[in-house]
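The structure under discussion appears below in the form of structure tokens.
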DNA sequence: ATCCCGAGGG
DNA sequence: CCCTCTGGAT
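In structure tokens, the structure reads:
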């Protein structure tokens, strides 16, 4: 993708969706952290079903500790990787209570020190909860960035760094949501919906495989 | 590089 | 059946 295409690319996504948001359901920063931790290799819809049950009984770190690992495991059983995630959730709650006064820390370093929280999860929390212009490169963003030529890279970190240097500052906070939603509903993994893609005129892949518009 | 791991869609 | 879903730890 040419440098000159980046501004209109994001302007088009912005016009179609002025205030993009996560589709994860939460009512506090703690719940956001839990939902994002659970969302690894899982759909938002699936996570929302589980967190509806989980947050009803454990809306705070202390309440989740009181609930215990067995109960937490049962409540999130419908999500993939549920055993690992349950352990990570409970242990994360323990650290929040013992080291952060029951609050979610605001630094990348403290977030990534939580079990089950890596760079991508920390980036989501920093962006959604604290408004920082981070690029949380998930499966969607990795695919869209490479396919379109917006920010090609062989691994998520390489894509993230290229996005940070290439996305205009005015779009930096919302960019990660635009790219996710675009990947989820239009630029899908299996069958990309190029026919109804608003930004195909700037896309490397669509340009090489589809006729020019006329 | 490999493991974890259920739900939903094609 | 197969692939995909806002990955992280080893």
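In UniProt numbering, the protein residues as written are 1 to 214.
Glycine included, each C-beta is placed from N, C-alpha and C at the ideal position.
With distances taken Cα to Cα, identify the nearest neighbour of residue 35 among 129, 199, 159.
Across the set 129, 199, 159, the C-alpha of 129 shows the shortest separation from the C-alpha of residue 35.
Express the C-alpha separation of residue 121 and residue 78 in angstroms, rounding to a whole number.
For residue 78 and residue 121, the distance between alpha carbons rounds to 20 Å.
Residue ranges of each alpha helix (DSSP H) run of no fewer than 4 residues wholly in the region 135-178, ordered along the chain?
For the region 135-178, the full-length alpha helix (DSSP H) segments reaching 4 residues or more read 139-148, 156-166 along the chain.
Nearest to residue 40 by alpha carbon, out of 89, 17, 6, 74?
Measuring from the Cα of residue 40, the nearest candidate turns out to be 89.
Taking the C-alpha atoms as reference points, what is the distance between residue 47 and residue 24?
If you take the alpha carbons of residue 47 and residue 24, they lie about 7 Å apart.
Does the beta-carbon distance from residue 141 to residue 159 come in below 8 Å?
Closer than 8 Å, so yes.
Would you kindly work out how many angstroms separate the C-alpha atoms of residue 126 and residue 22, rounded to a whole number?
About 13 Å.
Are the beta-carbon atoms of residue 75 and residue 106 separated by less than 8 Å?
The answer is no: Cβ separation not under 8 Å.
Roughly how many angstroms separate the alpha carbons of residue 139 and residue 113, rounded to a whole number?
Rounded to whole angstroms, residue 139 and residue 113 show a C-alpha spacing of 23 Å.
With a threshold of 16 other CB atoms inside 10 Å of the CB of residue 182, please say whether the residue is buried or exposed.
Classification for residue 182: buried.
Please look up how many angstroms separate the CB atoms of residue 92 and residue 37, rounded, as I've assumed it's under 8 Å.
For residue 92 against residue 37, the beta-carbon gap comes to about 7 Å, under 8 Å, which counts as contact.
Straight-line gap, residue 31 to residue 55 (C-alpha atoms, nearest Å):
Roughly 7 Å between the two C-alpha positions.
For residue 34, three-class secondary structure by DSSP
For residue 34, the three-state secondary structure derived from DSSP is helix.
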